[in-house]
Structures are given as structure tokens and as C-alpha cells.
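Asks:
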Amino acid sequence: MTREASYFLPSYFDAQFDAVIHFAGLKAVGESAQKPLLYYNNNLIGTITLLEVMAAHGCKKLVFSSSATVYGWPKEVPCTEEFPLSAANPYGRTKLTIEEICRDVHRAEPDWKIILSRYFNPVGAHPSGYIGEDPRGVPNNLMPFIQQVAVGRRPALTIFGNDYNTVDGTGVRDFIHVVDLADGHIAALLKLEEADIGCEVYNLGTGKGTSVSEIVRAFEHASGKKIPLVKAGRRPGDAEIVYASTEKAERELKWKAKYGIDDMCRDQWNWASKNPYGYGPPDSTD
Ligand code: UD1
């Protein structure tokens, strides 16, 4: 079978695809610096293969999960979609490169419709408490780490940097509830139905900055648990303050985040307290 022929699904799989949302990818920054080829192979080759399969099936509508990481250390905030882009590590370079690949694909074949969604910091969980984040090994990101301290799996949260030029010296991020983020994808899919949208980029954030200390306090309040803290130096590659301009998404996608930090912490704690070891038994997750 040729490579192209293998792109066609077996005949019993007779579904029609109107559009694709491409969420897949490796996302640990530190690991990407140690294993760049793994990241380039998985994230870039995976995306190229997906685009080829889509084209083979005549499906040319895509929503891609990009990241605010492409803004690097922004010179000012809020970050608008027109800001200069950079990559500080192989993970970020895969996001940036995939954005460029998508622009090239659209330039070559203008019937493609592509939305590049730049996620800020997705946190929280489904309000049911049945669906949430369950990273393998030691979490790299802030909220999963706080959650694991709150349920007693880790003794303390290390705060990376308390000398930033921010409200309390800790880094500031734009945390967005995963349910808002999911709604942003519905808005993006609807946008793809419009004529001639081309290849467009949208920030998916709340437009509000929250410091690491502020989110720890909000989580303590939501969970009723004390989060022991250890102060450490800045994490290499971390930016000081990153939050989104949401104007373009509000105007063109008619989408705006609804939930605040307290909602995010409440739902994250609901998921964590019902599933302290995520989806697996205690010995399979650490
Ligand atoms: C990180 C990645 C970003 C990626 C995103 C995916 C880096 C430098 N950036 O974003 O490229 O798109 O995850 O979700 O890794 N913090 C602590 N203690 C911790 C963990 C984090 O103090 O144990 C602080 C960080 O220093 C930062 C903030 O919490 O100030 C948010 O960190 P994190 O959740 O890792 O997200 P980003 O760094 O914004």
C-alpha cells in the first residue's frame, strides 16, 4: 500500500468529517529541551500527517491548539495577536512552526480554513468532577501541582521566583477555565462555517492576570486546605507577566470567558477531592 493510500480509512468507517480540532501534542517544556527530536517528530510530523489525511478526505477546516508560549517574554501586556513571536524551547518552537505550516498550507490552497487558538493557562476541571487533568509523574504546571499538594500526594508547592515586578513578586498568568476554553472551540468551529476566513489566530484567555500567590490563596479558600510553600529562584525561561488581549476573540468569535479564579479553583478541587489519584490507582501515577 502506498503512503497516500494508507491515509484512506477502511470502508466500514464511513463517517464524513466536517472539521478537525487538533489538540494532540507533547507539552512539557523541560522534556522538550532534553528530547527535541521526540517533540519535533511527534508534534510536527504528527501535524503534517494529519493535514495530509485531512486533504486526502477533502476536509480542509482545522482548529489548532497553539499556545501563548509563542509570545515568549512579552514586552508589554495584554498580548495582542499581532505581537512579535518567538520560541524559547523546542516545545514552543513546535507550536510556532505548526502555526507557520498552517499559514503556508492556506497560502498554497486558499480553500483551507484554519483557526490557530493561542491558549493561555488552562486550569479547572469539568464541574461534574468526572473529567480533569491527570499528569503522569511530577507535574510541570502550577495547578496540577497545587492540587497534588492539597490531596496529600506532595508535601509542598515550590514557588519559582518572588522578585518579579508584579503585585506580590510572583509570576502573573492568565488562567482560563477549561470549560470556557472548550466553548472557545465551539465558537471557532462556528467561525469556520463563515466564508473566506483564511488562516486566523485568536487568543483564548480571560484578559485578566493573576499571580501565583493569588491563585494559591484562592485554591486554599476553595479546598479548605493549607498549601505549604517553599520559595525558590526563578524557573529558567519563565516570563514575568503574561495575559491576553481578548478583544479580537470577543469581536470576531463572539466568545468571552465567563468563569473567574474562584470557579476554576472550586471545580479543580471538586475533581481532585473525588479523584485524588486521577484516573489510576495510587501506585500507577507517581
Ligand atoms: C507553561 C509553559 C508553556 C506551556 C504551558 C502549557 C514554561 C516556561 N512554560 O506555561 O510554554 O504552553 O505551560 O500548559 O514551562 N510555578 C510555580 N511552581 C510550580 C509550577 C509553576 O511557582 O511548581 C509558576 C511558574 O513559575 C509560573 C506560573 O506558576 O510563574 C505558571 O506556570 P505553569 O503552570 O508551568 O505555566 P506557564 O509557565 O505559564
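Residue 3 is where the sequence shown starts when you use the working numbering, and the numbers rise one by one after that. Even glycine gets a Cβ: it sits at the ideal position worked out from N, Cα and C. Being a predicted model, the structure only gives us computed values, none of them experimental.
Counting only runs of 4+ residues fully inside the stretch 77 to 130, write out the alpha helix (DSSP H) ranges in chain order.
Replies: 92 to 110
Asks: Flag this pair as yes or no: are the beta carbons of G186 and L206 separated by less than 9 Å?
Replies: Position 184 of the sequence shown, counting from 1, holds the residue named residue 186. Position 204 of the sequence shown, counting from 1, holds the residue named residue 206. Going by C-beta atoms, G186 is nearer than 9 Å to L206.
Asks: Give me, in chain order, the residues of the same chain whose beta-carbon lies closer than 6 Å to that of N142; leave out the 5 immediate sequence neighbours on both sides.
Replies: Indexing the sequence shown from 1 puts residue 142 at position 140. So the qualifying residues of the chain are A30.
Asks: Roughly how many angstroms lie between the CA atoms of S213 and T248, to the nearest whole one?
Replies: Residue mapping note: residue 213 aligns to position 211 of the sequence shown, counting from 1. Residue mapping note: residue 248 aligns to position 246 of the sequence shown, counting from 1. Roughly 19 Å separates the two Cα atoms.
Asks: I'd like to confirm something about D240: is its beta-carbon nearer than 8 Å to some heavy atom of ligand 1, or not?
Replies: Indexing the sequence shown from 1 puts residue 240 at position 238. Indeed, a heavy atom of ligand 1 lies less than 8 Å from the Cβ.
Asks: Return yes when at least one heavy atom of ligand 1 lies under 8 Å from the C-beta of Y245, else no.
Replies: Walking along the sequence shown from the start, residue 245 turns up at place 243. Not so, every heavy atom of ligand 1 lies at least 8 Å from the Cβ.
Asks: Over what stretch of residues does the alpha helix (DSSP H) that includes V214 continue unbroken?
Replies: One-based indexing of the sequence shown puts residue 214 at position 212. According to the DSSP assignment, V214 belongs to the alpha helix (DSSP H) that extends over V214 to S225.
Asks: From the DSSP output, in three-state form, read off V180 for me.
Replies: Position 178 of the sequence shown, counted from the start, is the residue given in the question as residue 180. The answer is helix: DSSP assigns V180 an H, G or I state.
Asks: DSSP puts R175 in a beta bridge; with which residues?
Replies: Mapped onto the sequence shown, residue 175 falls at position 173. T212.
Asks: Which partner residues of E202 appear in the DSSP bridge assignment?
Replies: On the sequence shown, position 200 is the one that residue 202 refers to. Partner(s): I117.
Asks: Helix, strand or coil, according to DSSP, for T160 in the structure here?
Replies: The residue labelled residue 160 in the question sits at position 158 within the sequence shown. Secondary structure of T160 (DSSP, three-state): strand.
Asks: Under 8 Å from any heavy atom of ligand 1, does the C-beta of Y93 make it?
Replies: For this step, residue 93 is matched to residue 91 along the sequence shown. Correct: Y93 has its Cβ closer than 8 Å to ligand 1.
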